Amino acid sequence: MIRKLILLSLVLLLASCSSSQDKLKISATTWVGYSPLYYAKAKGWLEPLDIQLLHVVSLSENMYLYQAGNADAYVGTQYEYNVMSAQKPTLKPVMMFDRSNGGDLILSNVSIEELKNTKQTIDAYLEMDSVNRVLLHDFMEKYQISRDRVHLINNDQAIISSLNMQNMKGPTIIVTYTPYNVSLEQQGFHEVASTRDGLDLLVVDALFTTQDVLRAHKKQFLALKGLVAKAVAALKANPEEFYKTVKPYMLEVSYQDFLSSLHDIVWINDKLPEQLQSRLKQSKFDTRFLL
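Those letters in the sequence shown? Residues -20 to -1, 1 to 271, per mature numbering (1 follows the signal peptide of the UniProt record, and there is no 0), in order.
What follows is the structure, encoded as structure tokens:
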């Protein structure tokens, strides 16, 4: 009898370990392009697949979580991927979400002309370890704002989005993205450039993981891709129902602001347009492992 109990305990322990290994953990920010993931989570679609979605507030937190080994995969842009893949050469994009078409923005409390001509130091708020830095560099280069005139202030978007324009003592630049821009614009900051107007950067969002994790969890990743397509279809069919479902994850953004943010992205989860594929290859974005 005792031997049977020991054997049963061992079986249960092994089953528990196996279950733990099979769980796929994915970390994601509140970027509107990732909202299909939160829709799938809220609908209970992820649980049967043993997929856990980890909700983070910033791009840098997303990267740190993955680097610490607390997530098996993470979502982000190709710029975070370039940083991470230097440390993990087997890291690859496995699923596409969207292309930014105005969703990444530069806000300010003054005009571009004032930024170009001011003799004061310009305070620039951004997430340093993210696409924010590349956007700022592109903006400064395009409008001939030299680096020695800019004071970089590193914060995550949750903190940046609480800035009040009335408290700014001089010319200020804020690098942000939807939906964090909403509260900033309500505080008086205005858009001076974006990925739709004024910035020449291509910014795409994808799911990244290593080749080993992809092999071990390929069925889950394939099923997730199908669920993302299902969620995007639900969004297009009934945006209000979709919004109500993902609202708890979207920083209390209003329905109108949510609809507005959807105009700032182009969905590419189903298929990559040929022209976009060409641009991605030019930027050394490895598309070979896309599902």
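Glycine included, C-beta positions come from ideal geometry on N, C-alpha and C.
All values derive from a computational prediction rather than experimental measurement.
The secondary-structure analysis by DSSP pairs Tyr54 across a beta bridge with Ser7 and Phe188. In the three-state DSSP reduction, Thr225 falls in the helix class (H, G or I). If you compare the alpha carbons of Val111, Thr98 and Ser241 with that of Tyr123, the shortest gap goes to Thr98. For Lys72, the enclosing beta strand (DSSP E) begins and ends at Leu71 to Ser80.
DSSP places Asn249 outside both helix and strand once states are collapsed to three, so it counts as coil. By the C-beta density criterion, Tyr235 is exposed, having fewer than 16 other C-beta atoms within 10 angstroms.
The alpha-carbon separation between Ala214 and Phe222 amounts to approximately 7 Å. Linking Leu26 to Tyr105 through their CA atoms gives a straight-line distance of about 35 Å.
By alpha-carbon distance to Thr10, the top candidate from Thr70, Asn161, Lys96 and Lys264 is Asn161. Counted as a single uninterrupted DSSP element, the beta strand (DSSP E) harbouring Ser174 occupies residues His170 to Ser174.
The C-alpha of Ser163 is placed about 7 Å away from the C-alpha of Ser142. In this structure, the CA atom of Lys251 is about 22 Å from the CA atom of Glu60. Per DSSP, Leu207 is one residue of the alpha helix (DSSP H) stretching across Lys198 to Ala217.
By a beta-carbon distance limit of 8 Å, Asn249 contacts Val208. Their separation comes to about 5 Å.
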